[in-house]
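J.: So that we are looking at the same thing, I have put the structure below in structure tokens.
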Amino acid sequence: MRTTVTARGNELVTALKHAGEATADELAAQLGVTVSAVRQQLDSLAADGLVAWRPLARGRGRPTHVYRLTRAAEPLFPKAYGGLTTELLGYVADADPNLVDDIFDRRRQRRLEGAQARLAGLESDFRARVATLAKILDEDGYLASWEALPDGSYRIVEHNCAVLDVAERYGQACTSEIAFLRQALPDARVERVSHMINGAHSCAYEVTPRSAS
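Structure, rendered in structure tokens:
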């Protein structure tokens, strides 16, 4: 599914967000374009899973389609999760600074338990574990990739920081991240070699099997 749409598609998506539901005729009138153009955009958005429709009977003839956005369209709209999380952590820190450490520890443990369940059965295949861990990070919103290096080590790269707003204020987010990776791969040496917080365009980790170190 695409996470971006064309400028005209964005206008249509915004109109649907305001309306909740609308027909192609209603959207065309609101946007000042032809019904044909609107239907073309709706078909494209529906193919991407961003728009759904239901039939609406209006007397005789074929029922009219009423369109609405799906949950998959939510990432197209601004969210303030990072700001809210940082604000709430600030209140927690004011009450008891130690609770912030505890919160990140609990998050790391929850992520670790989930990763260990996914990695179970791959103990003898280090490459597969690296690939699986990178996939987990990608699913968590880190836009992660991995590669095998000529010296027998691996590199995991997080092209996006899913918690950047929080990490910029709370270093525990970054220490928790590398601790998670090290615990998920206990038979490897994991070192961070680039860091977004320090101005890099990504966070990258060198992963070296201890037998190859």
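Under the numbering used here, the first residue of the sequence shown is numbered 380, with each subsequent residue one higher.
Cβ atoms here follow ideal geometry from the backbone N, Cα and C, with glycine treated the same way.
1. Specify the secondary structure class of arginine 486 as computed by DSSP and reduced to three states.
2. Between the alpha carbons of arginine 447 and proline 476, how many angstroms are there, rounded?
3. Just to confirm, is the Cβ distance from arginine 571 to cysteine 582 under 8 Å?
4. State the Cα-Cα distance for the pair phenylalanine 559 and glutamate 400, rounded to the nearest angstrom.
5. According to the neighbour-count rule (16 or more other Cβ atoms, all chains shown, within 10 Å of its Cβ), is threonine 402 buried or exposed?
6. Report buried or exposed for alanine 426, applying the criterion of at least 16 other Cβ atoms within 10 angstroms of its Cβ.
7. Closest by CA to glutamate 537, which one among Leu516, Arg548, Ala474, Arg506?
8. Using a threshold of 8 Å, state whether the C-beta atoms of leucine 429 and alanine 452 are closer than that.
9. Along the beta strand (DSSP E) that carries arginine 418, what are the first and last residues, could you check?
10. How would you label glutamine 495, buried or exposed, when you count the other beta carbons within 10 angstroms and need 16 or more for buried?
11. The alpha helix (DSSP H) spanning serine 503 covers which residue range?
12. Give me whichever residues DSSP pairs with leucine 435 in a beta bridge.
13. Straight-line CA distance for glycine 497 to valine 542?
14. Helix, strand or coil for alanine 567 per DSSP?
15. Just to confirm my understanding: we take aspartate 404, look at its own chain, exclude 5 residues before and 5 after, and list those with CB closer than 7 Å. What are they?
T.: To lay it out plainly:
1. helix
2. 44 Å
3. yes
4. 43 Å
5. buried
6. exposed
7. Leu516
8. yes
9. Taken as a continuous stretch (DSSP letters only), arginine 418 belongs to no beta strand (DSSP E), being part of the alpha helix (DSSP H) at 414 to 426.
10. exposed
11. Serine 503 -> no alpha helix (DSSP H), and no H or E assigned at all.
12. Thr443
13. The sequence as given places arginine at residue 497; glycine does not occur at that position. Each residue's Cα considered, the two are about 22 Å apart.
14. strand
15. Val414
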